[in-house]
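K.L.:
Got a structure here, written out as structure tokens. Questions coming.
Residue numbers (the working numbering), protein chains in the order written: chain H, 1 to 258; chain X, 1001 to 1384.
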């Protein structure tokens, strides 16, 4: 009887171990250890991870060259009203771009300046988690959070999920409000969401993003955050930087030198 | 069985015609929206969901509340609900269809809605919501219709329908829980980022749903003579009372956590809704109206003598429904977007076209409910 029980326990134990072993083998890609990489504060994705450092000390107040360039090359419509507004990159005051940061005794200069805001191409993007059709997704090879305008159903769940207000919706036909149509990038249709794409179409031609290239002050630096030798990493090493709402664990790829 | 909906008196057909007229206005407005775009709504990039999603949220609760008659009747064999259970199930069917229609009305590209099923995405709560809602619709149509069909023939319902009914019980809780997860899992939307959102949804649903059920039963009694029974109505009013208490208790929890912790982000949503934020308080009168009407109705329900008198009960039920509709159907969704992620205050006022579409969808739901209940009442009263 006792022997029987011991035998039973031994066999069950072996069975469980064998099962676990088989499971790790079968699901090697998502085996038990890699779950750690998925947690909020774990390591970021391997391979390239495009990122940007914005030196706000160099950014000139009143200058909108980067915004104009971006909106022009991407055929972003200008409806001239807040309700239909679509924007990929824009400027807002300190307290709006960094609502969680220090609010008391902020220097007059910081308070009165406006700061660039754009899609953060988060390493852990809540919009991608929310999208019911994978119309918005993080590219595994370079970390860009991209949009498939042809799959988007226009539910705007991603807009509710984005903690940075980086997404816009085509409430009406955008083609009516595009002044100069750029043939190099597609226009969108009514009823889909859009946002900054880190100029993936220009990166494919080994060009820097339009905003980076246009800035006359060189305030924007673009590069691979996973490459320790890259210019962006050098800047991050030498300066104290901020990420917008870093407490949310989204791991933004856009950094600010204040 | 459906042929029973084709025989009715003048007021029945008059009612149908009124609903059809409102539905036509809704269809016309929807065609406008399809051809011009969602710019014909009050929504913007800051308040990107409005009255459609708010109605959807409220109606998921109404749908889920059918479980408050199904569970006692089928699981606890509570006989007094024998006549009302079919009304609950058909109310759930109508409410779920309205939910689906409100989601469709809100989509920028409704022609692509099947992408949700073509590219199933388990990490998206919307995928799960679509799945559980459609499942719930099917469960309620099948169980309601089958049981009623058997009753018409005077035979006991087939055995296979029992497991379907049992499955619909946890399923009802799931639809409202998953709906809460749509909002509660989003970082940076402080009003929604709360663990009591799903419990609060269930509590408000189990208050407003039975209240609607009581009102529907009263209307049926008046128009058709079909009596769901005093005991059933009384029991439902008790359920609504306790659920309403729980709902207000949970709302109080939200206030305590936000204001005692004093964390600005957590306070902003409630401040905007109830007191105004930076001088902006578009919804303040609505929210206080909701609170006052809700509490007074609860007070009426708490006094047994008043609860048992029809006029008081009707008033209290209307009050509970209105209060919760404002709380869930106006405040919760719009309040979640204000202030915006950049802490800007952007208002939202539904556009006329949007209101017509909303009324149209409500009328479609009420028409479906009317037809289903017409059949149900005809079957239930065939022996009398």
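Note that beta-carbon positions come from the ideal geometry of N, C-alpha and C, so glycine has one too. In this text, all values refer to a predicted model and were calculated from it rather than measured experimentally.
Out of X:1320, X:1272, X:1303, X:1277, which one is the CA nearest neighbour of residue 1294 (chain X)?
P.N.:
Looking at the Cα atoms, X:1320 is the closest of the given residues.
K.L.:
Would you call the region 1129-1142 of chain X and the region 1164-1176 of chain X in contact, with 3 or more CB pairs under 8 Å?
P.N.:
These segments touch.
K.L.:
Report the rounded CA-to-CA distance for residue 1220 (chain X) versus residue 1226 (chain X), giving the unit in angstroms.
P.N.:
If I take the Cα positions, the gap works out to 6 Å.
K.L.:
Have a look at X:1022, X:1087, X:1311 and flag the residue whose alpha-carbon is nearest the alpha-carbon of residue 1374 (chain X).
P.N.:
When each option's Cα is compared against that of residue 1374 (chain X), the closest is X:1087.
K.L.:
What are the start and end residues of the alpha helix (DSSP H) that includes residue 1088 (chain X)?
P.N.:
Element bounds for residue 1088 (chain X): 1085-1106.
K.L.:
Opposite residue 1380 (chain X) in the DSSP bridges: which residues?
P.N.:
The partner list for residue 1380 (chain X) (beta bridge, DSSP) is empty, contrary to what the question assumes.
K.L.:
One question on the structure: do residue 1047 (chain X) and residue 1334 (chain X) come within less than 8 Å of each other, judged by their Cβ atoms?
P.N.:
The answer is yes: Cβ separation under 8 Å.
K.L.:
Grab me the residues of residue 1129 (chain X)'s own chain with a C-beta within less than 7 Å of its C-beta, minus the 5 sequence neighbours each way, in chain order.
P.N.:
Here the set comprises 1178, 1179, 1182.
K.L.:
Report the residue from H:215, H:182, H:250, H:87 whose alpha carbon sits nearest the alpha carbon of residue 201 (chain H).
P.N.:
Of H:215, H:182, H:250, H:87, the residue nearest in Cα terms is H:182.
K.L.:
Under 7 Å, CB to CB, which of the residues in the region 139-151 of chain H have a partner in chain X?
P.N.:
Taking 7 Å as the Cβ-Cβ cut-off against chain X, the residues of the region 139-151 of chain H that qualify are 151.
K.L.:
In or out: residue 88 (chain H) buried (at least 16 other Cβ within 10 Å) or exposed?
P.N.:
The residue is buried, with at least 16 neighbouring Cβ atoms inside 10 Å.
K.L.:
Secondary structure at residue 168 (chain H), three-state DSSP: helix, strand or coil?
P.N.:
Three-state result, residue 168 (chain H): strand.
K.L.:
What would DSSP say about residue 1191 (chain X), mapped onto helix, strand or coil?
P.N.:
It is coil, neither helix nor strand.
K.L.:
With DSSP run on the structure shown, which of helix, strand or coil describes residue 1358 (chain X)?
P.N.:
It is helical.
K.L.:
Assign residue 147 (chain H) to one of three DSSP states: helix, strand, or coil.
P.N.:
It is a strand residue.
K.L.:
Which partner residues does residue 221 (chain H) have in the DSSP bridge list?
P.N.:
DSSP output for residue 221 (chain H) lists H:53 as bridge partner(s).
K.L.:
Where are the alpha helix (DSSP H) runs, 4 residues long or more, that stay fully inside the region 1175-1244 of chain X, in chain order?
P.N.:
For the region 1175-1244 of chain X, whole alpha helix (DSSP H) runs of length 4 or above, ordered along the chain, are 1197-1224.
K.L.:
Going by DSSP in three states, residue 1280 (chain X) sits in which element: helix, strand or coil?
P.N.:
Reduced to three states, the DSSP call for residue 1280 (chain X) is strand.
K.L.:
Specify the secondary structure class of residue 239 (chain H) as computed by DSSP and reduced to three states.
P.N.:
Of the three classes helix, strand and coil, the one that applies to residue 239 (chain H) here is coil, per DSSP.
K.L.:
To which residues does DSSP link residue 138 (chain H) through a beta bridge?
P.N.:
The partner list for residue 138 (chain H) (beta bridge, DSSP) reads H:145.
K.L.:
Does residue 1156 (chain X) get closer than 8 Å to chain H when you measure Cβ to Cβ?
P.N.:
Chain H contact via Cβ: absent.
K.L.:
Can you pull the chain H neighbours of residue 1101 (chain X), defined as C-beta to C-beta under 7 Å?
P.N.:
Ordered by position in chain H, no residue passes the 7 Å Cβ test against residue 1101 (chain X), which lies about 14 Å from the chain.
K.L.:
Is there contact here, the region 1099-1111 of chain X with the region 1209-1219 of chain X, by at least three beta-carbon pairs under 8 Å?
P.N.:
The region 1099-1111 of chain X is not in contact with the region 1209-1219 of chain X.
K.L.:
Under 9 Å Cβ-Cβ, which residues of chain X neighbour residue 99 (chain H)?
P.N.:
1264, 1265, 1339, 1341, 1342, 1343, listed in chain order.
K.L.:
Anything in the region 1175-1197 of chain X with a Cβ closer than 9 Å to a Cβ of chain H? List those residues in chain order, please.
P.N.:
So the close ones are 1182, 1183, 1185, 1186, 1187, 1188, 1189, 1192.
K.L.:
Taking Cβ-Cβ distances below 8 Å as the criterion, which residues of the region 1045-1057 of chain X are in contact with chain H?
P.N.:
Result list: 1045, 1046, 1048, 1049.
K.L.:
When you compare only the Cα positions, how much space is there between residue 170 (chain H) and residue 69 (chain H)?
P.N.:
When rounded, the distance between both Cα atoms is 20 Å.
K.L.:
If you measure from the beta carbon of residue 169 (chain H) to each beta carbon in chain X, is any gap under 8 Å?
P.N.:
Cβ-Cβ to chain X under 8 Å: yes for residue 169 (chain H).
K.L.:
Considering residue 91 (chain H), what are the terminal residues of the alpha helix (DSSP H) in which it resides?
P.N.:
Careful: residue 91 (chain H) lies outside any alpha helix (DSSP H), inside the beta strand (DSSP E) at 89-93.
K.L.:
Just to confirm, are residue 1083 (chain X) and residue 1378 (chain X) a CB contact at a threshold of 8 Å?
P.N.:
No; because the gap between Cβ atoms is not below 8 Å, this pair is not in contact.
K.L.:
Touching or not, the region 131-138 of chain H and the region 1112-1124 of chain X, by the rule of three or more beta carbon pairs under 8 Å?
P.N.:
Contact holds: three or more Cβ-Cβ distances are below 8 Å.
K.L.:
Are the CB atoms of residue 1030 (chain X) and residue 1360 (chain X) nearer to each other than 8 Å?
P.N.:
Yes, they are a contact pair.
K.L.:
Can you give me the Cβ contacts of residue 1255 (chain X) inside the same chain, cut-off strictly under 7 Å, excluding the 5 residues immediately before and after it?
P.N.:
Hits under 7 Å: 1270.
K.L.:
Residue range of the beta strand (DSSP E) that residue 255 (chain H) falls in?
P.N.:
Run containing residue 255 (chain H): 254-257, per the beta strand (DSSP E) assignment.
K.L.:
DSSP on residue 85 (chain H), reduced to helix/strand/coil?
P.N.:
Residue state, collapsed to three classes: coil.
K.L.:
Give the secondary structure of residue 207 (chain H) by DSSP, where H, G and I count as helix, E and B as strand, and everything else as coil.
P.N.:
The answer is coil: DSSP assigns residue 207 (chain H) none of H, G, I, E or B.
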